[in-house]
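These notes concern the structure reproduced below.
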Amino acid sequence: MATYLVGDIQGCYLDLRHLLDTVHFSSSHDHLYIVGDLIARGPDSLAVLRYVRDLGEHAHTVLGNHDLHLLAVAEGIIKAKDKDKILPILEAPDCDELLYWLRHQPLLIHRNIGNNTAPGFVITHAGIPPVWDLHHAKKCASEVEDILISNRYVWLLRNMYSDHPTHWLDSLQSIERYRYIINALTRMRYLDMSGGLDMVCKLAPEKITNQHLFPWFYVKRNKPMLETLVFGHWATLGGIQDDNLLGLDTGCVWGGSMTIVRWEDGKSFSLPCEIHAN
Numbered sequence: 117m118a119t120y121l122v123g124d125i126q127g128c129y130l131d132l133r134h135l136l137d138t139v140h141f142s143s144s145h146d147h148l149y150i151v152g153d154l155i156a157r158g159p160d161s162l163a164v165l166r167y168v169r170d171l172g173e174h175a176h177t178v179l180g181n182h183d184l185h186l187l188a189v190a191e192g193i194i195k196a197k198d199k200d201k202i203l204p205i206l207e208a209p210d211c212d213e214l215l216y217w218l219r220h221q222p223l224l225i226h227r228n229i230g231n232n233t234a235p236g237f238v239i240t241h242a243g244i245p246p247v248w249d250l251h252h253a254k255k256c257a258s259e260v261e262d263i264l265i266s267n268r269y270v271w272l273l274r275n276m277y278s279d280h281p282t283h284w285l286d287s288l289q290s291i292e293r294y295r296y297i298i299n300a301l302t303r304m305r306y307l308d309m310s311g312g313l314d315m316v317c318k319l320a321p322e323k324i325t326n327q328h329l330f331p332w333f334y335v336k337r338n339k340p341m342l343e344t345l346v347f348g349h350w351a352t353l354g355g356i357q358d359d360n361l362l363g364l365d366t367g368c369v370w371g372g373s374m375t376i377v378r379w380e381d382g383k384s385f386s387l388p389c390e391i392h393a394n
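With our numbering, the residue at position 246 of the sequence shown is 362, and numbering never jumps.
See below:
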């Protein structure tokens, strides 16, 4: 049995299947962990949703910003963009079942694999802000997860579209609290000098000219995290693999590659992808 962690799929179903074939993934023995953004921009988001759902207990995914956006579009809160290519999902006969399954997925996964005394790994779509330790991050993620599976989920989706607040305070309440949690876990890339979320810049760190912005993972954490932090979301970063950091978005949907890492030995596998996004 092997444990695989894969970057943003974004509807690139055939690329995913080719990569899984390359590593000889077994849907009955191995486990696949996904960093979110299952859908959007790629050619077959519907097939991706169906495949991951049908893997059952052998697939584990967190929610990404595109996944939450799909839920909001399905509720009529916001209009879909043609470039998102999600209409086939909304017109599918099993749409309601797929969306019900999707909103029951977590924002954060914490696993110890093979050795309960080892630190293991933590997955969120965009990362974990330095102001939180792991305990706090898990608590905050569960607050939003509980709403997503409740009858208040439409209210949450309707009010999540904003870049504010930019700073975390324990005293934040209601939608401002939930909005920060969602933005931090699914949209974060850069922090400003005061530790606030910057929701605008998407450039790679080596191309940034604003000296007041810093990649979130270069900012010293209030409390060190022993676990390996696994994330996606940042295609221009091109992936990153360090002792306690694993960035897996290598831009498949943009004509880059799709990357998967086998946790047990840290071996990385990548396959070039076709350009799918407009």
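Even for Gly, the Cβ is constructed at its ideal location relative to N, Cα and C.
- For C368, same chain residues with a beta-carbon under 6 Å away, outside a window of 5 residues either side, are C128, D131, M374 and C389 in chain order.
- With a beta-carbon spacing of about 5 Å, A118 and D146 fall inside the 8 Å limit used to define contacts.
- Inter-residue distance for W284 and G312 is about 8 Å (C-alpha atoms, whole angstroms).
- Taking all protein chains in view, the Cβ of R268 is surrounded by fewer than 16 other Cβ atoms within 10 Å, so the residue is classified as exposed.
- In the pairwise beta carbon analysis, the stretch 146-164 is classified as touching the stretch 197-206: at least three pairs are separated by under 8 Å.
- Between the stretch 209-217 and the stretch 276-295 there are fewer than three inter-stretch CB-CB distances shorter than 8 Å, so the stretches are not counted as touching.
- V270 has its alpha-carbon roughly 16 Å from the corresponding atom of A196.
- Excluding residues up to 5 positions away in sequence, V270, L273 and R274 lie with their Cβ nearer than 8 Å to the Cβ of E191 in the same chain.
- Annotation for K318: R305 and T352 place their beta carbon closer than 7 Å to its own, counting only its chain and skipping 5 residues before and after.
- Take T344, set aside five residues on each side of it, and the residues of its chain with a beta-carbon closer than 8 Å to its own are P235, G236, F237, V238, D359, N360, L361 and L362, in chain order.
- L154 and H328 have their alpha carbons spaced roughly 32 Å apart.
- In the three-state reduction of the DSSP assignment, K383 falls in the strand class, which pools E and B.
- I265 and G382 have their C-alpha atoms some 34 Å from each other.
- Taken in chain order, the whole beta strand (DSSP E) runs of length 3 or more contained in the stretch 342-370 are 344-347, 356-358 and 361-363.
- With fewer than 16 neighbouring CB atoms inside 10 Å of its own CB, Y277 falls in the exposed class.
- Bounds of the alpha helix (DSSP H) holding I263 are L250 to L264.
- Looking at the DSSP output, L223 bridges to nothing.
- DSSP places A196 outside both helix and strand once states are collapsed to three, so it counts as coil.
- Between the C-alpha atoms of F333 and P245 there is a straight-line separation of about 8 Å.
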